[in-house]
Structures are given as structure tokens and as C-alpha cells.
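Chains as they are written, first to last, in the numbering used here: chain A, 259 to 450; chain B, 259 to 450.
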């Protein structure tokens with residue numbers, strides 16, 4: 259099977275290079291991106307939504323122009339292993355998801371996906387062979403209309419200087435930056 | 259100037275390929291990643307935090323093994339143009355940020371960053387030349403201790419089947435998936 263313009267094996271190498279390891283979740287995500295893309299008009303300008311923060315965002319970033327940093331990929335975390343690609347102007351698009359009913363026919367994928375075996379018991383080679391063999395069979399496809407009005411933020415963002423930490427911050431809503439409002443992750447900070 | 263193992267021009271091409279266009283923010287982010295990396299021990303296994311969802315996440319994903327989908331890059335959105343790289347075991351690391359005081363010496367960067375000119379008035383070529391010329395001069399560097407305990411979620415995640423939509427979802431906390439709890443982005447969904 260092919261995944262977009264790659265053979266299965268080429269895509270596994272792509273995943274290894276970007277994601278650090280050939281994670282089954284990123285491979286499945288790649289097949290999902292490919293299904294969604296083939297169900298969109300060829301010349302459409304599309305955005306992407308991943309419904310999970312695990313693996314799938316990397317499949318999207320490897321195979322499409324949509325990245326986290328350019329804003330064309332969004333994460334709307336519903337906890338589901340699903341993604342949508344959609345026309346960024348009309349919202350018309352395609353949603354692809356793992357269909358639990360269909361996964362049942364593939365025991366290695368099923369036991370990996372639903373954590374029925376411990377990591378040690380998993381046979382990675384058989385799992386990858388089954389993923390390659392299952393192709394597009396474990397997925398469901400929806401035609402969807404994405405609520406792009408609800409998603410879009412037309413507001414121009416603007417940097418200002420936070421009066422407390424003196425750093426630049428996006429000042430659209432607040433008089434001080436979010437870090438100075440308590441959103442911090444550091445227990446220590448020293449100037450070099 | 260070089261950015262990691264790339265010349266400035268090579269990095270601009272890398273940014274164009276991944277991000278879709280050679281955005282100044284991704285270039286600045288690349289210089290920030292490079293500063294942070296050079297301030298860490300060479301053999302350290304590090305994670306990354308971006309304090310903004312704009313541009314910087316792509317700099318991190320281009321130049322480090324940390325991606326959104328593998329979980330080694332997190333977004334803690336404080337609104338500030340800053341990032342941290344840190345030892346994933348100890349939390350010890352380096353934070354790099356745009357220092358507004360230092361930016362003042364570079365008028366093109368200053369007026370782009372603080373939106374003092376309209377897009378039309380901006381001279382993209384001069385801006386890029388000034389970024390190349392400013393090198394590491396507009397940034398501040400902190401040595402930091404990241405609160406890794408607060409960040410880590412050691413909980414093993416597990417998929418189950420949502421009794422409402424019948425899709426698989428991460429079932430650690432809830433009996434139904436987040437979409438069926440109302441976190442939706444679709445105004446229409448039809449099975450193919």
C-alpha cells in the first residue's frame with residue numbers, strides 16, 4: 259500500500275525521522291490523512307483538525323502543509339483518534355476516524371490500540387505487517403461541515419510589553435502577560 | 259550567521275518547506291532554539307516548551323527531535339515570544355526570549371514585531387537582512403528549572419468505546435468522549 263506519495267516503507271522512514279520512532283499511531287494517522295486528502299477536491303486549500311494530541315498531529319505535519327506553528331493545523335482534543343481536513347473557506351471537508359467495529363478484524367491492531375496486551379507482549383513486527391495489510395479498512399469516513407466561523411479569530415494580534423516581567427506578549431485581551439497572571443512552568447529562573 | 263547546522267539561507271529554505279513560507283517569526287525562533295541548545299550539555303536528553311502557539315513551535319519541530327505529536331514539545335501559552343529547552347529528567351534548562359529593550363536597536367525588527375507598520379509598509383528584504391545581521395543580539399537568556407513534576411502525566415492512557423458515538427476515545431477520566439460532552443467543531447456530519 260502507498261501513503262500519499264510514499265510507499266509504506268518510505269513513509270515509515272519519514273515518521274522515524276520526524277517523530278523519533280516509527281510509532282504505529284503516526285502510521286495510522288498517515289493513512290487517515292491520505293484517505294481524507296483523496297476525498298477532497300484536488301485544488302482545494304485545506305486546513306486540518308486533529309481530535310487528539312497523540313501521534314496524529316505529526317502525521318498531518320509530515321504529509322500536509324498544515325503545521326502547529328502556521329496555524330493551519332488545530333488540535334481540538336475530543337480524545338478520539340480522528341482528524342478532519344476541510345476547505346478553509348467553505349468549511350466543507352472529510353473526517354476520518356478509527357472505527358472500533360472494523361478494528362476487531364485485525365487482532366494485533368485491536369490489542370495494541372485498546373491496550374489489551376502489555377508493551378512486552380506486543381509483537382511490533384506483526385503489528386506493522388497488519389497495519390500495512392489492513393490498509394484503509396479500519397477507518398470510517400464522514401463528510402463534514404466544519405464550523406469555521408466558530409474557529410476563526412480574525413482579530414489581528416499585537417505584541418506589547420508586560421509591565422511586570424517587561425517581556426513582549428500578545429496583548430489583545432490583557433494588561434499583563436499570562437505568565438504574570440500565574441500561568442508558569444518554572445520553579446527557578448536566573449538571568450545568565 | 260549559522261542556525262544550528264545550517265547557514266542562514268539554508269535555514270530559510272527549511273522554514274519555507276515546513277512552514278509554507280519563510281516567516282520571520284520562525285527564523286527568530288530558530289535562532290532561539292540554537293541559543294538554548296548551545297547552552298545545554300551536548301549529550302542531554304531534552305524536552306521543549308514554547309510559550310506561544312505562533313511560529314516558534316515550528317522552529318522547535320524543524321531543529322530538534324521534539325514534536326507536537328511525540329509529546330516532547332509542549333505549548334504553555336503565556337503569550338510571550340519565548341521558549342525553553344530542558345533536561346527531561348532533571349528539569350534544568352535554558353529559556354530564551356525576545357528582549358524588547360534589545361530589539362529597539364534594530365528598527366525593522368522592532369516595527370515588524372510590535373506591528374508599528376502595516377504589512378504593506380514593511381520591507382521584507384530589509385527585515386530579513388536585519389534578522390540575519392542581529393544574530394543573537396535581540397534575545398535574553400535565563401537558566402531555568404522547569405517544574406517537571408507539575409508537567410508530567412505518568413498515567414497510562416487507554417482507549418475505550420464511547421457509548422454514545424461508538425468511537426474509540428481516551429477514557430481515563432470520563433465515561434463518554436469529550437465530543438459527546440459538547441466539545442465539537444462540526445455543524446454537519448454525514449457518513450459516506
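Backbone N, C-alpha and C define an ideal beta-carbon position, used for all residues, glycine too.
- Taking the CA atoms as reference points, residue 290 of chain A sits about 40 Å from residue 439 of chain A.
- Note on geometry: alpha-carbon atoms of residue 394 of chain B and residue 293 of chain B lie some 7 Å from one another.
- The C-beta separation of residue 305 of chain B from residue 443 of chain A comes to about 11 Å, leaving the pair out of contact by the 8 Å criterion.
- If you keep only unbroken alpha helix (DSSP H) runs of at least 4 residues inside the stretch 362 to 430 of chain A, you get 365 to 371, 382 to 392, 406 to 409.
- Under the Cβ criterion of 8 Å, residue 315 of chain A is counted among the residues facing chain B.
- By alpha-carbon distance to residue 364 of chain A, the top candidate from A:333, A:331, A:384, A:436 is A:384.
- Following the DSSP letters along the chain, one finds residue 331 of chain A inside the beta strand (DSSP E) bounded by residues 331 to 333.
- As computed with DSSP, residue 447 of chain B is found in a beta bridge with A:402.
- Boundaries of the alpha helix (DSSP H) harbouring residue 295 of chain A: 282 to 296, taken from the DSSP string.
- Close to residue 419 of chain A, with beta-carbon spacing below 8 Å, are these residues of chain B in chain order: 358.
- Taking 8 Å as the threshold, the shortest C-beta distance from residue 397 of chain B to chain A does not fall below it.
- Assignment of beta-bridge partners to residue 303 of chain A by DSSP yields no partner.
- In this chain, the beta strand (DSSP E) harbouring residue 345 of chain A covers 340 to 345.
- Residue-level contact by beta carbon fails for residue 306 of chain B and chain A, as no gap is shorter than 8 Å.
- The beta carbon of residue 427 of chain B falls within 8 Å of a beta carbon belonging to chain A, placing the residue at that interface.
- Comparing alpha-carbon positions, the option among A:354, A:275, A:388 lying closest to residue 362 of chain A turns out to be A:388.
- About 6 Å separates the Cβ atoms of residue 352 of chain A and residue 343 of chain A, confirming a contact at the 8 Å cut-off.
- The CB of residue 323 of chain A comes closer than 8 Å to the CB of 278 in chain B, given here in chain order.
- For the options A:265, A:368, A:382, A:323, the alpha carbon positioned closest to that of residue 302 of chain A is the one of A:323.
- Under the Cβ criterion of 8 Å, residue 446 of chain A is counted among the residues facing chain B.
- Between the beta-carbon of residue 378 of chain A and that of residue 400 of chain B there is about 41 Å, and that puts the pair past the 8 Å contact cut.
- Bounds of the alpha helix (DSSP H) holding residue 267 of chain A are 266 to 277.
- Its Cα nearest to that of residue 262 of chain B, the residue B:288 stands out among B:288, B:391, B:397.
- Chain A has no Cβ within less than 8 Å of the Cβ of residue 375 of chain B.
- Collapsing the DSSP output to three states places residue 348 of chain A in coil.
- Spatial neighbours of residue 420 of chain B in its own chain (CB-CB distance under 7 Å, excluding positions within 5 residues in sequence) are listed in chain order as 427, 434, 435, 438.
- The alpha-carbon of residue 330 of chain A is positioned some 15 Å away from that of residue 311 of chain A.
- Of all residues in the stretch 329 to 351 of chain B, only 329, 330, 333, 334, 335, 336, 337, 338, 339, 340, 342, 349 place a beta-carbon less than 8 Å from a beta-carbon of chain A.
- The closest CA to that of residue 334 of chain B, considering only B:446, B:308, B:316, is found on B:308.
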